[in-house]
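Protein chains in written order, with my numbering: chain B, 1 to 148; chain Y, 149 to 267. Report on the structure given below.
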Amino acid sequence: MSQVKSTSVEVRLPSRLGYEKVAMSTAAAVAKLMGFREDRVEDLKTAVAEACINAIEHGNRLNEGLSVGVVLSAGKDSLEVKVIDDGKGMKTLPPKPDMDRKMHGEEDARGMGMFLIQALVDEAEWVAGANGKSSYVRLVIRLDKEAE
Amino acid sequence: MQSETKAHVDQLTSPAGHPVTVLRFEGDIASTSKDAVLGAYQALPKATVKIVLLDFTKVDYINSSGIALVIQMLIEASNSAQKVYAFGLSAHFTKVFTMVGITKYAGLFPTQTEALAAL
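What follows is the structure in structure tokens.
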């Protein structure tokens with residue numbers, strides 16, 4: 001790895017559910033090369049998969065003519081992942097899921113993706129594209145995060 | 149891209165003598181898994197099946213849509229006075245299930261032996 005010149009890896013996915021696993025595997029490979037602990041690699045895999053699912057389903061509305069961009073930027077102590085779609089982006093973040101409300105039918109059983117992303121990485125921000133497209137979520141996971 | 153979800157049913161008896169229905173899953177658990185996950189559960193006779201044990205030993209990938217299917221199963225089970233337990237989740241997915249609150253409604257165990265011993 002000492003001869004690697006670029007610290008950036010890019011993947012383009014079709015807007016088809018299931019292809020989030022390509023981004024997930026790529027992110028895991030980069031994180032392992034950087035020396036992340038196995039549990040943090042698992043956290044990253046789930047966060048990246050959920051970000052891609054949101055981009056495919058909500059950003060690109062399952063339009064297979066559109067692709068999802070995934071840009072992984074390896075820094076000295078952290079890995080940044082941007083997942084880019086052609087949607088308008090999020091105006092407000094959904095509330096934290098409430099399992100009791102779900103069990104009582106007061107809340108949809110779904111809708112946990114963004115909560116998981118926020119819970120599993122060190123930073124997560126959703127940025128709306130300037131022209132109503134090219135919105136992205138930016139995730140950061142730090143190499144030196146202490147075990148909880 | 150997603151590994152097809154398979155489910156099959158085993159009937160066991162716990163050391164305490166309780167009949168336990170085990171739903172063994174294999175493959176990914178995602179939005180495409182509805183028939184395998186909920187279909188397998190809904191095919192169980194509610195009148196006689198009172199303890200359901202979910203086996204995730206051969207499941208590598210679960211996403212939020214898959215977790216939602218598990219929650220839908222828990223809702224149906226709760227409405228049918230059934231108890232649901234699970235085993236075989238990786239350390240990561242044990243953490244994820246705990247984060248979303250599933251452990252309040254479904255006990256998690258590392259192995260089938262430990263699950264059966266507690267039932």
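Think of the CB as a built atom: it goes at the ideal place given N, C-alpha and C, for glycine as much as any other residue. This structure is a prediction, so every number in the text was calculated from the model and none was measured.
For this session: Report the partner residues of Ala74/B according to the DSSP bridge assignment.
Result: Leu79/B
Exercise. So what does Val68/B bridge to, in DSSP terms?
Worked result: Val68/B pairs with Leu13/B.
Exercise. Does the beta-carbon distance from Ile250/Y to Met99/B come in below 8 Å?
Worked result: yes
Problem set entry | Proximity test, Cβ basis, 8 Å: Asp39/B and chain Y | For Asp39/B, the answer is yes, since a Cβ of chain Y falls inside 8 Å of its Cβ.
For this session: Using the Cα positions of Ala178/Y and Thr46/B, report the straight-line distance between them to the nearest angstrom.
Result: Spanning the two alpha carbons is a distance of roughly 12 Å.
For this session: Just tell me which of Ala266/Y, Phe257/Y, Lys252/Y, Tyr233/Y has its CA closest to the CA of Ala199/Y.
Result: Here the sequence assigns Ile to residue 199/Y, which means Ala is not the residue at that position. Cα-wise, what sits closest to Ile199/Y is Tyr233/Y.
Problem set entry | Burial state of Arg172/Y (16 or more Cβ within 10 Å) | buried
Problem set entry | Test: Ala254/Y CB closer than 8 Å to a CB of chain B | no
Problem set entry | Inter-stretch contact (C-beta, 8 Å, three-pair minimum) for the segment 204-214 of chain Y and the segment 108-122 of chain B | yes
Exercise. With 16 as the cutoff for other CB atoms within 10 Å, does Asp183/Y come out buried or exposed?
Worked result: exposed
Exercise. In terms of alpha-carbon separation, which member of Lys194/Y, Val218/Y, Thr205/Y, Leu201/Y lies closest to Asn227/Y?
Worked result: Lys194/Y is the residue among Lys194/Y, Val218/Y, Thr205/Y, Leu201/Y whose C-alpha sits nearest the C-alpha of Asn227/Y.
For this session: Please go through the same chain and pick out, in chain order, the residues whose beta-carbon is closer than 7 Å to the beta-carbon of Pro14/B, but skip the five residues on each side of it.
Result: Glu64, Ser67
For this session: Run down chain Y in chain order and give the residues with a C-beta less than 9 Å from the C-beta of Pro97/B.
Result: Val248, Gly249
Exercise. Straight-line CA distance for Gln159/Y to Lys133/B?
Worked result: Roughly 52 Å between the two C-alpha positions.
Exercise. Quick one, which of Arg101/B, Asp122/B, Lys88/B, Pro97/B has its alpha-carbon nearest Ala130/B's?
Worked result: Lys88/B
Problem set entry | Short-range partners of chain Y found in the segment 53-71 of chain B, where Cβ spacing is below 7 Å | Ile53
Problem set entry | CB-CB length for Arg40/B against Lys82/B, believed under 8 Å | Beta-carbon to beta-carbon, Arg40/B and Lys82/B are separated by about 19 Å, too far to satisfy the 8 Å threshold.
Exercise. Rounded to a whole number of angstroms, what is the C-alpha to C-alpha distance between Tyr136/B and Gly35/B?
Worked result: 26 Å
For this session: Could you tell me whether any Cβ in chain Y is nearer than 8 Å to the Cβ of Arg110/B?
Result: So, interface residue.
Exercise. Can a CB atom of chain Y be found closer than 8 Å to the CB of Leu17/B?
Worked result: yes
Problem set entry | Rounded C-alpha distance that separates Gln3/B from Ile141/B | Low per-residue confidence applies at Gln3/B: pLDDT is 49, beneath 50, and the placement is therefore not dependable enough to give any value.
For this session: Assign Ala195/Y to one of three DSSP states: helix, strand, or coil.
Result: Coil, per DSSP.
For this session: Specify, as a first and last residue, the run of the beta strand (DSSP E) that Ile56/B falls within.
Result: Where Ile56/B is concerned, there is no enclosing beta strand (DSSP E), given that its DSSP letter is neither H nor E.
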